[in-house]
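Chemist: First residue of the sequence shown? That's 1 in UniProt numbering, and the numbers climb one at a time after it.
Just so it is clear, CB atoms sit at the ideal spot from N, CA and C, and this is done for glycine as well.
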Amino acid sequence: MDEWTIQQWEQKLTENEIVAFYLYTPMCGTCAVASKMLSVVEEVLPNTPIGKANINFMEQLAMDYKIESVPCLLIHRDGKLVEKIYAFQSVPFLYEKLKI
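1. Are lysine 94 and isoleucine 18 touching if we call contact CB-CB under 8 angstroms?
2. Buried or exposed for proline 71, please, with buried defined as at least 16 other CB atoms from any protein chain shown within 10 angstroms of its CB.
3. When you compare each of Ile50, Asp2, Asn16 and Pro49 to glycine 79 by their alpha carbons, which one comes out closest?
4. CB isoleucine 55 to CB leucine 73, shorter than 8 angstroms?
5. Need the endpoints of the alpha helix (DSSP H) that glycine 29 sits in, please.
6. Which of the three DSSP states is assigned to valine 91 in this structure?
7. So, leucine 61 versus isoleucine 6, is the Cβ gap smaller than 8 angstroms?
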């Protein structure tokens, strides 16, 4: 999973049907588990863009999307936010949320 800048995130939104943006902090243990889960999903859905960013460097995005905690997964379909996930329940759960 690649680290994305805000500009890369915005570009992906215009180019793809579904896009996921994973927000984390380096010291968050739950984020480490969520990251591993998303890596598995990324392998099974190679055509679904999934990027990540350290929310400590994304203050404006955190305010714009009213991010309450991390880990957080923003899912957009056709450029519109459809889901904000804080509880990364399981790999199958995330797969179902991200498949086209």
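Modeler: This is what the structure gives:
1. At residue 94 the sequence reads leucine, which differs from the lysine that was named. Cβ atoms of leucine 94 and isoleucine 18: not closer than 8 angstroms.
2. buried
3. Asn16
4. no
5. 29–44
6. helix
7. yes
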